[in-house]
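What follows is a short report on a single structure.
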């Protein structure tokens, strides 16, 4: 059995003064403080980051972190596009279950604002297939293809979709670490300019810097003494074709359904037990698909589900989605997001989510997607112990 | 008998009018179009170039494998705007067409007569038995310098001819090439826009070479203008071909079908060939056709062509294609030309 | 630099897929583009499905606004796909245009 005993996140946003490893250093020291550990108590580190190689010609990040920590322990850099953080967590969890270590630090970090937008947009496209890049498809473009197909099939409109960002900005306004803390309206979403039709600026997660870290342990002593502790009931991964066009469906991410099904089976948790979920809303349509593909609502009804307040803090008491503000409002430093999602669930389940606390939250789910759905990681956590 | 077995063409969809360009530079509307006898010209999209247009024209010419690809042992591409200074357009074109391995590929340049000169070379390679068929393409994406006279006419298009000895639709009865060192129009290595000698491009250049090549060819074959159904001369504008045709004794009626320049502009190496394509829209079996190209620098290739009954099997329709067009304004024109 | 070897390998594939007629399954108009295609923005990209059961992406060119609709028939053509840097070869690839 292994549990999360600590979490720290930096501010997400345009952090001009901080380099990638400044952020990593802050997250590492922050999480060690949160669970009151010394760095020599860490047996291994899993480090999720997508773009340092493409943007900064910096690979071998594991050795850099060894340098920051002044350590010789094993350090593993993990990359699965925007699921790098969730994947780092998944591998760390399994490393402990395999008995290779007892206490592992999971770090997700990304530095995206050192370059102009078109350079970053091009670098992000590295998570898409060669044919997608050759056709000039950006990430927004890929999700826009999904959105247009979905709109046509299920008679859904841009206005229906706008409620997703409105909800996430409302949640983000309650999160001091969020990049955007402003409340927005449906009209503002509809008036924002197109990035890739039908997706607009206010349907799209931003370019952000940030880092976060969690500590997982199976050490009996540490578990007994831990001030905050949440059990990892499941961490499951599924994949799909890199190229959207080569998948069986354009209106769903099959990898989400497969990973979620496995996670529910292994954890023996029922879907109605989930109180809080952090799902991957890189674009508003992605949250709609996530809610449907995980099974929270029927295919084709996700937008109305959100618009009806069914997953909004305050309007729903039983199940709230993306209390952190999601990727849209909290920000999306891609390698860090997967860890942030798990960290947010950890805060909820340990009663430390402050103004955005969901009362009596006991079981939570995190859903992290790589690219347009080529990799999905689903994690289920619980404090029922 | 050696000649054209099949042919194809490509014109970009966009047009900018001479009046639109003229109004940019403060000219009276129709002042330029009247003096040049050109109303509008073709403009390529930003992502089109000499090669992509050559491919479209050649795909039309080759159709559903009109001859086996392995019989096309020679590929010539003539252009003033090859995509590379060093790297042949002809091999890129051949590979996209599925012509691979044993073939001779050659790029030619001689201003606007780069392709017609290659027709004469290809004819020799067929006659000698080097190859059964030859593909000869003229393709240009010409840019006129803004505010220069040539801005009104420099256009883009491509014509592709498949030459051979079997099922010939247009026989090359005879050809003659007349050349000299006459620097009327040139572009130096590394320089973006061509330069020209103004009125020097007229009498000592265009007219001297076209007239000389044409007259010598007619005399050599003991033919007279009245023997021909149609004539085509290189079209730098709408006036020059009409003047030289009159000088040689051809009539307005014989020349009129070829004058596509008024609606398409001057597509350089494809210019005279596009006039030929328009003539072939309506030419009848046994028609004699006279064609003379002009390339600055300078030279002219003159041809006596004879249409055979095979034309009905391979005739295309440039007239229909010319109807599919979209007008753009000056700003869009220079954006598409890559000048901004 | 665009790798000349990658362009060379790709061209064999492109040759086989020119002149194919398919149907638009979805489309988007890209306004915010990456650095490789920024000069062409805004431009539409279509996801096209063929009778053989395979799908392809490509920019839609020479089109009217009314052509950007699910179900429209398009044909694959050869165009330049990226702005080459000074030291690059030119990459040609597949784009689509409406058949009518």
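Residue numbers (the numbering used here), protein chains in the order written: chain F, 113 to 497; chain B, 9 to 348; chain D, 5 to 104. For glycine and all other residues, C-beta sits at the position ideal for the given N, C-alpha and C.
Between the CA atoms of residue j and residue i - distance to the nearest angstrom
| i | j | result |
| --- | --- | --- |
| residue 245 (chain F) | residue 94 (chain D) | 16 Å |
| residue 123 (chain F) | residue 228 (chain F) | 21 Å |
| residue 223 (chain B) | residue 102 (chain D) | 47 Å |
| residue 370 (chain F) | residue 381 (chain F) | 15 Å |
| residue 251 (chain F) | residue 484 (chain F) | 7 Å |
| residue 100 (chain D) | residue 459 (chain F) | 50 Å |
| residue 314 (chain F) | residue 441 (chain F) | 10 Å |
| residue 156 (chain F) | residue 423 (chain F) | 37 Å |
| residue 164 (chain B) | residue 19 (chain B) | 7 Å |
| residue 373 (chain F) | residue 82 (chain D) | 44 Å |
| residue 451 (chain F) | residue 365 (chain F) | 21 Å |
| residue 104 (chain B) | residue 121 (chain B) | 24 Å |
| residue 114 (chain B) | residue 21 (chain D) | 26 Å |
| residue 411 (chain F) | residue 396 (chain F) | 15 Å |
| residue 478 (chain F) | residue 59 (chain B) | 51 Å |
| residue 181 (chain B) | residue 316 (chain B) | 12 Å |
| residue 132 (chain B) | residue 200 (chain B) | 35 Å |
Interface residues of chain D facing residue i [CB-CB closer than 7 Å]
| i | result |
| --- | --- |
| residue 260 (chain F) | 30, 31 and 32 |
| residue 63 (chain B) | 82 |
| residue 21 (chain B) | 66 |
| residue 164 (chain F) | Simply none; closest approach about 18 Å. |
| residue 247 (chain F) | 49, 61, 62 and 63 |
Cut-off 7 Å between Cβ atoms - residues of its own chain near residue i, not counting five sequence neighbours on either side
| i | result |
| --- | --- |
| residue 204 (chain F) | 158, 216, 218 and 328 |
| residue 47 (chain B) | 25, 26, 41, 270 and 271 |
| residue 416 (chain F) | 272 |
Residue range of the alpha helix (DSSP H) that includes residue i
| i | result |
| --- | --- |
| residue 238 (chain B) | Looking at the DSSP string, residue 238 (chain B) is not in any alpha helix (DSSP H); the run it does join, the beta strand (DSSP E), is 238 to 241. |
| residue 212 (chain B) | Element bounds for residue 212 (chain B): n/a, residue is neither H nor E. |
| residue 64 (chain D) | It is not in any alpha helix (DSSP H) - residue 64 (chain D) carries neither H nor E in the DSSP assignment. |
| residue 79 (chain D) | Looking at the DSSP string, residue 79 (chain D) is not in any alpha helix (DSSP H); the run it does join, the beta strand (DSSP E), is 77 to 84. |
| residue 16 (chain D) | 8 to 20 |
| residue 23 (chain B) | Per DSSP, residue 23 (chain B) belongs to no alpha helix (DSSP H); it is in the beta strand (DSSP E), 22 to 25. |
| residue 265 (chain F) | 251 to 266 |
| residue 124 (chain B) | 122 to 135 |
Same chain only: Cβ atoms within 6 Å of residue i, ignoring 5 sequence neighbours per side
| i | result |
| --- | --- |
| residue 33 (chain D) | 46 and 48 |
| residue 30 (chain B) | 40 |
| residue 180 (chain F) | 137 |
| residue 495 (chain F) | 342, 461 and 474 |
| residue 71 (chain D) | 102 |
| residue 195 (chain B) | 202 |
| residue 389 (chain F) | 433 and 477 |
Chain D contact residues for residue i, given Cβ-Cβ distances below 8 Å
| i | result |
| --- | --- |
| residue 243 (chain F) | 60 and 61 |
| residue 168 (chain F) | Correct list: empty, because the minimum Cβ distance to chain D is about 16 Å. |
| residue 106 (chain B) | 19 |
Partners in chain D for residue i, counting only beta-carbon separations shorter than 9 Å
| i | result |
| --- | --- |
| residue 60 (chain B) | 81, 82, 83, 84 and 96 |
| residue 103 (chain B) | 15, 16 and 19 |
| residue 357 (chain F) | 29, 51, 52, 53, 58, 59, 60 and 61 |
| residue 414 (chain F) | Chain D residues near residue 414 (chain F): none, gap ~18 Å exceeds 9 Å. |
| residue 132 (chain B) | By Cβ distance, chain D contributes nothing, its closest Cβ being about 30 Å from residue 132 (chain B), past 9 Å. |
| residue 257 (chain F) | 29, 30, 31, 32, 49, 50, 51 and 61 |
Proximity test, Cβ basis, 8 Å: residue i and chain A
| i | result |
| --- | --- |
| residue 440 (chain F) | Note that chain A does not occur in the displayed structure, where the protein chains are F, B and D. |
Beta-carbon neighbours of residue i, restricted to chain B and to distances below 8 Å
| i | result |
| --- | --- |
| residue 65 (chain D) | 53 and 55 |
| residue 99 (chain D) | 55 |
Chain-ordered neighbours of residue i on chain F, where CB pairs are closer than 7 Å
| i | result |
| --- | --- |
| residue 74 (chain D) | 264 |
Span of the beta strand (DSSP E), counted from its first residue to its last, around residue i
| i | result |
| --- | --- |
| residue 43 (chain D) | Here residue 43 (chain D) belongs to no beta strand (DSSP E), and DSSP marks it neither H nor E. |
| residue 365 (chain F) | Element bounds for residue 365 (chain F): n/a, residue is neither H nor E. |
| residue 300 (chain B) | 296 to 300 |
| residue 487 (chain F) | 487 to 494 |
| residue 34 (chain D) | 25 to 34 |
| residue 479 (chain F) | 475 to 482 |
| residue 50 (chain D) | 47 to 53 |
| residue 141 (chain B) | 141 to 149 |
Listed by chain order, chain F residues near residue i by CB distance under 8 Å
| i | result |
| --- | --- |
| residue 35 (chain D) | 305, 306, 307, 308 and 309 |
Contact list for residue i against chain B, beta-carbon separation under 9 Å
| i | result |
| --- | --- |
| residue 23 (chain D) | 67 |
Which residues of the region 10 to 21 of chain D have a Cβ closer than 7 Å to any Cβ of chain B? Give them in chain order. Cβ proximity to chain B below 7 Å picks out 15 and 19 from the region 10 to 21 of chain D.
Contact set between the region 39 to 50 of chain D and chain B, restricted to residues whose Cβ is under 7 Å from the partner: Per Cβ criterion, the list reads 44.
Against chain D, which members of the region 61 to 91 of chain B pass a CB distance test of less than 9 Å? Look at the region 61 to 91 of chain B: the residues with a C-beta under 9 Å from a C-beta of chain D are 63, 64, 67 and 91.
Residues in the region 218 to 237 of chain F having any Cβ partner in chain D nearer than 9 Å: Sequence-ordered contacts of the region 218 to 237 of chain F with chain D read 228, 229, 230, 231, 232, 233, 234, 235, 236 and 237 [C-beta pairs closer than 9 Å].
Using a Cβ cut-off of 7 Å, which residues of the region 314 to 336 of chain B contact any Cβ in chain D, in chain order? Answer set for the region 314 to 336 of chain B: empty.
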